[in-house]
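Residue numbers (the numbering used here): 37 to 235.
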């Protein structure tokens with residue numbers, strides 16, 4: 037693992053740094069990312085999720101589920117924004133290993149649980165925030181289970197959705213008991229912020 041990109045700023049709050057870099061701007065939240073897996077912040081889906089996260093009041097004090105966590109950047113960002121704990125789950129052992137390493141270099145390892153597997157491994161159903169930056173067809177497949185993991189009123193931040201899946205994903209989650217708060221169309225992908233209805 038080593039330096040693979042130059043430091044850059046993202047949104048109002050974050051700076052993304054290779055693991056061997058010192059913080060550049062004290063006013064920003066530093067996120068250190070090592071080489072490996074997907075999601076060091078350059079991709080439009082990751083960037084859009086971070087930009088929405090920084091404006092999401094529910095992050096503070098939240099119990100977070102990050103499905104398809106990759107490098108763990110979204111979960112790490114949530115913790116640095118005030119979340120209490122994150123459960124990161126990915127089917128790729130290499131991604132889980134990278135996520136574990138990134139949590140260590142960001143000093144949040146005590147606040148993260150790592151699982152290599154699928155959503156079936158998760159039994160809790162009271163998460164305050166759901167993160168899932170994965171492909172649209174997978175979001176359709178796991179919709180019922182994913183919504184059931186969120187407590188009533190909790191936000192679900194979904195991305196990795198190609199344009200052709202955007203309509204189907206939104207309609208599917210509406211039928212599963214969510215309201216749409218944001219639907220951000222990017223260059224190729226889209227990001228959707230939903231909220232599980234209370235009741």
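Ideal Cβ placement from N, Cα and C applies to all residues, glycine included.
Q) Near residue 157, which residues of its chain fall below 7 Å by C-beta distance, leaving aside the five closest residues on each side in sequence? A) Within the chain shown, the letter at position 121 stands for residue 157. Result list for residue 157: 125, 151, in chain order.
Q: Taking residue 22 and residue 162 to be in contact with their CB atoms under 8 Å, please state how far apart those CB atoms are, rounded to whole angstroms.
A: Because residue 22 is not part of the residues shown, which for the chain are 37 to 235, the question remains open.
(Q) How far does the beta strand (DSSP E) with residue 191 in it extend, from its first residue to its last? (A) Along the chain shown, read from residue 1 onward, the residue named residue 191 stands at position 155. That run of the beta strand (DSSP E) goes 191-198.
(Q) Does residue 140 come out as helix, strand or coil in the three-state DSSP assignment? (A) Here residue 140 refers to the residue found at position 104 when the chain shown is read from its first residue. The DSSP-derived three-state label of residue 140 is helix.
Q: Can you have a look at residue 96 and say buried or exposed, based on whether 16 or more other CB atoms are within 10 angstroms of its CB?
A: Working through the chain shown from its first residue, we reach residue 96 at position 60. That one is exposed.
(Q) Less than 8 Å between the C-beta atoms of residue 108 and residue 127, yes or no? (A) Walking along the chain shown from the start, residue 108 turns up at place 72. Walking along the chain shown from the start, residue 127 turns up at place 91. By the CB criterion at 8 Å, residue 108 and residue 127 fall outside the cutoff.
Q | Supposed contact pair residue 114 and residue 23 - C-beta distance, whole angstroms, cut 8 Å | A | Since the displayed the chain opens at 37 and closes at 235, residue 23 lies outside it and no answer follows.
Q) Quick one: what's got a C-beta closer than 6 Å to residue 172's C-beta in the same chain, skipping five residues either side? A) Here the question's residue 172 lines up with position 136 in the chain shown. Same-chain partners within the cutoff: 197, 198, 201, 205.
Q: Determine the burial state of residue 203: buried for a count of at least 16 other Cβ atoms within 10 Å of its Cβ, exposed for fewer.
A: For the purposes of this step, residue 203 is identified with residue 167 of the chain shown, where counting begins at 1. Looking at its Cβ environment, which holds fewer than 16 other Cβ atoms inside 10 Å, residue 203 is exposed.
(Q) In this structure, how does DSSP classify residue 105 when only helix, strand and coil are distinguished? (A) Looking up residue 105 in the chain shown gives position 69. Secondary structure of residue 105 (DSSP, three-state): coil.
Q: Could you tell me the distance, in whole angstroms, from the CA atom of residue 215 to the CA atom of residue 231?
A: Here residue 215 corresponds to residue number 179 of the chain shown, with the count starting at 1. Here residue 231 corresponds to residue number 195 of the chain shown, with the count starting at 1. Roughly 5 Å separates the two Cα atoms.
Q) Rounded to a whole number of angstroms, what is the C-alpha to C-alpha distance between residue 39 and residue 55? A) Along the chain shown, one-based indexing puts residue 39 at 3. Along the chain shown, one-based indexing puts residue 55 at 19. At residue 39 the pLDDT is 42, less than 50, meaning the model places this residue with poor confidence; the figure from the coordinates comes in the next sentence. Each residue's alpha carbon lies about 7 Å from the other.
**Q.** Proximity test, Cβ basis, 8 Å: residue 223 and chain D
**A.** Absent from the structure: chain D. Only one protein chain is present.
Q) Taking DSSP as the reference, what is the three-state secondary structure of residue 180? A) Working through the chain shown from its first residue, we reach residue 180 at position 144. In the structure shown, residue 180 falls within a helical segment according to DSSP collapsed to helix, strand and coil.
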